[in-house]
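Presented below is the structure to which this report refers.
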Amino acid sequence: MNDINSVREQLLSQLESLEDKKQILRANELRNLYGAIKDQPESERAAYGQAVNALKQELEEKVAEADAGIDDQVPIDVTAPMDANAEIPSLLPTEDGSIHPISREIQIISDLFYRMGFEVSPSRELDDEYHMFTSLNFPEGHPARDDYDTFMTEEGLVAPAHTSTMQNRIIKARLDRVKSGDPIAVLAIDRVFRNEDLDARHEHTFHQAEGVYVGEGITVGDLVGTLKTFLTGYFGKEVDAKITPFYFPFTEPSFEFSLSCPFCEEDEYCKVCSSERWIELLGCGMIHPNVLKEAGVDPERYTGFAWGCGVERLIMMKYDIEDIRHFNSGKLTFLRQFK
Ligand code: DAH
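Read left to right, the sequence shown gives residues -13 to 325 (the numbering used here).
Shown next as structure tokens:
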């Protein structure tokens, strides 16, 4: 039995240094022990055989533990205070997260307008028909209300389809300002919702940046100048913009600003702009006298302009993103490009 004990100690210490732990099970010393069973006196043979088997089993267990990466020599106490000097192996490859491109660009857009003297405020994600339509000079039952593909709750509340839903509140809350001779200059930037068919340019949830400016002697020239200054700042260069007359119930005159499509290839169908060569970016105009009056401003004395701009459209044109659906796709390959 003594020889078994000494072989055991020898094999256990060999095991420590072995790269391939399984080799220990093929050790000559172990084989010799098995060979020695038959040479034992009959009275001791059975016990000797059992002891050799027990040793083999012990070695097999140690090999299996090593395979599973279990090291029972060093139990880990997860509740122990951390050793500040310990080297901590990294168990998982880690990666820093980053701010979502929409959030980042909203910050950039807000900063640009802030520097032009605008206050920046959020919009709402639930509103009523008065703010979404009536206060904006949409007559009751007018078909233009249907153009907005608005989601409504059973109680008649609306998920705003445009940030213009804030115009009446923005002006009403700042009447003292206009009367004291300072203009109202506010940018409301937030989510909006539309129940429409989805494609490369349309999502049910997207963002708009609504600008409202009211004061004395404000003209279309101020509107165009403000928007061009913003677009030049945002894109870092002068952009090719087209201004065309349009219709909105809440502005008169009304315009649409389009930017030349950066995705078009000569002679090929462009799925981003449907080969129209221009991408509509924002609606704008001089605030309709009825909208000013409804908010408590005398339209004989004060004028103003407003616009509503699709935030995703801006970002898509800045970074050549061809499909609006990438933003909420959760695709890391897309998001990592903005780190
Ligand atoms: N609310 C309009 C839309 O979503 C965009 C718009 C047009 C906003 C003209 C304005 C405006 O403030 O003056 O289609």
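We put the beta carbon where it would ideally sit given N, CA and C, even for glycine. Bear in mind the structure is a predicted one, so any value in this text is a computation, not a measurement.
For Gly103, the first and last residue of its enclosing alpha helix (DSSP H) | For the purposes of this step, residue 103 is taken as residue 117 along the sequence shown, with counting starting at 1. That residue, Gly103, is in no alpha helix (DSSP H); it is neither H nor E in DSSP.
Please work out which residues of its chain come closer than 7 Å, Cβ to Cβ, to Asp226, disregarding the five sequence neighbours upstream and downstream, and give them in chain order.
-> Locating residue 226 in the sequence shown gives position 240, where the first residue counts as 1. These residues qualify, in order along the chain: Leu245 and Ser246.
Taking only the alpha-carbon atoms, compute the straight-line gap between Leu268 and Phe243 and give it to the nearest angstrom.
-> Numbered from its first residue, the sequence shown carries residue 268 at position 282. Numbered from its first residue, the sequence shown carries residue 243 at position 257. Leu268 and Phe243: Cα-Cα distance of roughly 5 Å.
Just tell me which of Ala130, His128, Ala147 and Pro129 has its CA closest to the CA of Phe137.
-> The residue labelled residue 137 in the question sits at position 151 within the sequence shown. The shortest C-alpha separation from Phe137 is found at Ala147.
Whole-Å CB distance - Val178 paired with Gln194, under 8 Å assumed = The residue you call residue 178 lines up with position 192 of the sequence shown. The residue you call residue 194 lines up with position 208 of the sequence shown. So it is a contact: roughly 5 Å between Cβ atoms.
Asn18 versus Leu45: straight-line alpha-carbon distance, rounded | Translated into the one-based positions of the sequence shown, residue 18 becomes position 32. Translated into the one-based positions of the sequence shown, residue 45 becomes position 59. So the alpha carbons of these two residues sit roughly 15 Å apart.
Beta-bridge partners of Met138, as assigned by DSSP = Within the sequence shown, residue 138 is the residue found at index 152, counting from 1. In the DSSP assignment, Met138 forms a beta bridge with Val144.
If you check the beta carbons only, do Gly282 and Leu161 fall under 9 Å apart?
-> Working through the sequence shown from its first residue, we reach residue 282 at position 296. Working through the sequence shown from its first residue, we reach residue 161 at position 175. Contact check for Gly282 against Leu161 passes: the beta carbons are separated by less than 9 Å.
Would you say Gly290 and Tyr199 are within 9 Å of each other, going by their C-beta atoms?
-> For the purposes of this step, residue 290 is taken as the residue at position 304 of the sequence shown. For the purposes of this step, residue 199 is taken as the residue at position 213 of the sequence shown. Yes; because the gap between Cβ atoms is below 9 Å, this pair is in contact.
Specify the secondary structure class of Arg322 as computed by DSSP and reduced to three states.
-> Within the sequence shown, numbered from 1, the residue matching residue 322 stands at position 336. DSSP places Arg322 in helix when its eight states are reduced to three.
For Ile175, the nearest candidate out of Asp97, Arg187, Phe236 and His188 (CA to CA) | Within the sequence shown, the letter at position 189 stands for residue 175. The shortest Cα separation from Ile175 among Asp97, Arg187, Phe236 and His188 belongs to Asp97.
Compute the beta-carbon to beta-carbon distance between Cys270 and Thr237, rounded to the nearest angstrom, for a pair I have assumed lies under 8 Å.
-> Stepping through the sequence shown from its first residue, residue 270 is reached at position 284. Stepping through the sequence shown from its first residue, residue 237 is reached at position 251. Your pair Cys270 and Thr237 checks out as a contact, with CB atoms roughly 7 Å apart and the cut at 8 Å.
Thinking C-alpha only, which one of Thr65, Asp309, Phe216 and Ser121 is nearest Cys256?
-> Along the sequence shown, one-based indexing puts residue 256 at 270. For the options Thr65, Asp309, Phe216 and Ser121, the alpha carbon positioned closest to that of Cys256 is the one of Asp309.
Which value, in whole angstroms, describes the spacing of the CA atoms of Pro27 and Gln0?
-> In the sequence shown, the residue the question calls residue 27 occupies position 41. In the sequence shown, the residue the question calls residue 0 occupies position 14. The alpha-carbon atoms of Pro27 and Gln0 are separated by roughly 30 Å.
By Cβ distance below 8 Å, which residues in the same chain neighbour Lys158 in space, the five residues on each side in sequence not counted?
-> Taking the first residue of the sequence shown as 1, we reach residue 158 at position 172. So the qualifying residues of the chain are Ala281 and Gly282.
Whose C-beta lies closer than 7 Å to the C-beta of Ile10 among residues of the same chain, with five residues either side of it excluded?
-> Position 24 of the sequence shown, counting from 1, holds the residue named residue 10. Hits under 7 Å: Leu(-3), Gln0, Leu1, Leu4, Leu45 and Val49.
With respect to 8 Å, is the separation between the Cβ of Glu196 and the closest non-hydrogen atom of the ligand DAH below this value?
-> Stepping through the sequence shown from its first residue, residue 196 is reached at position 210. Yes, the Cβ of Glu196 comes within 8 Å of a heavy atom of the ligand DAH.
May I ask whether a heavy atom of the ligand DAH can be found less than 8 Å away from the beta carbon of His193?
-> Looking up residue 193 in the sequence shown gives position 207. His193 Cβ: outside cutoff for every heavy atom of the ligand DAH.
Could you give the distance in angstroms between the alpha-carbon of His312 and the alpha-carbon of Phe320?
-> By 1-based counting over the sequence shown, the position of residue 312 is 326. By 1-based counting over the sequence shown, the position of residue 320 is 334. Looking at the two C-alpha atoms, the distance is approximately 7 Å.
Run of the alpha helix (DSSP H) containing Gln0, from where it starts to where it stops | Walking along the sequence shown from the start, residue 0 turns up at place 14. Residue range Asn(-12) to Ser3 is occupied by the alpha helix (DSSP H) that includes Gln0.
Is the number of C-beta pairs between the stretch 100 to 107 and the stretch 129 to 145 that are closer than 8 Å three or more?
-> Not touching, per the Cβ criterion.
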